[in-house]
Amino acid sequence: MDYPKKTQAAPAEGQTVRLTITSRNAKAVESVTSQLLMRARDEKVTIHGPVRLPTRTLKITTRKTPCGNGTNTWDTFELKIYKRIIDLHAPTEQVKKITSFTMESGVDVSITILDR
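Here it is in structure tokens:
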């Protein structure tokens with residue numbers, strides 16, 4: 001007896017696009033993320049996220065005195081980086097509409113097309 005061959009369903013129109021939002025300012029990341037989500041919901045796009053990645057803390061410890069004399073006193077400087085990931089399943093034209101607005105300064109948004 002021959003079993004029917006399994007066929008893959010035709011892929012839905014569009015592609016999966018990953019938006020990665022990065023900044024040193026937590027409020028700026030949250031506001032840009034909420035604007036992107038609001039615009040994506042208006043376009044009726046399938047959304048996965050936002051995924052809040054752990055905050056990356058970069059630390060540098062240096063001596064306070066430049067000459068090396070005196071007591072050993074140290075300064076610690078920190079830089080915190082906040083990151084969010086949003087996956088959208090939409091055609092390229094809709095992604096352009098969603099991401100075409102004025103974002104706050106200091107916020108990086110990178111767009112990656114995923115193969116699935």
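With UniProt numbering, the residue at position 99 of the sequence shown is 99, and numbering never jumps.
Note that the Cβ used here is the ideal one computed from N, Cα and C, for glycine as well.
Three-state secondary structure (DSSP) of residue i
i	result
D75	strand
L19	strand
D42	helix
L53	coil
Through-space distance from residue j to residue i, alpha-carbon basis
i	j	result
P11	I21	Low confidence applies here, because P11 scores a pLDDT of 44, under 50, leaving its location unreliable and the question unanswered by this model.
D108	T61	27 angstroms
G49	I86	5 angstroms
F77	V51	27 angstroms
M38	K59	35 angstroms
T65	L79	22 angstroms
N72	E43	59 angstroms
For residue i, the first and last residue of its enclosing alpha helix (DSSP H)
i	result
residue 120	Outside the shown range of the chain, which is 1 to 116, sits residue 120, and nothing can be said about it.
Residue-level contact to chain B via CB, residue i, 7 angstroms cutoff
i	result
R18	Annotation note: the requested chain B is absent from the structure, which comprises a single protein chain.
Residue interval of the beta strand (DSSP E) (run including residue i)
i	result
K59	56–63
S110	107–114
Whole-Å CB distance - residue i paired with residue j, under 8 angstroms assumed
i	j	result
V17	I113	6 angstroms
K83	L53	4 angstroms
I81	L36	That belief does not hold up - the Cβ atoms of I81 and L36 are roughly 19 angstroms apart, past 8 angstroms.
V32	Q94	Actually they are not in contact, since the Cβ atoms of V32 and Q94 sit about 18 angstroms apart, beyond 8 angstroms.
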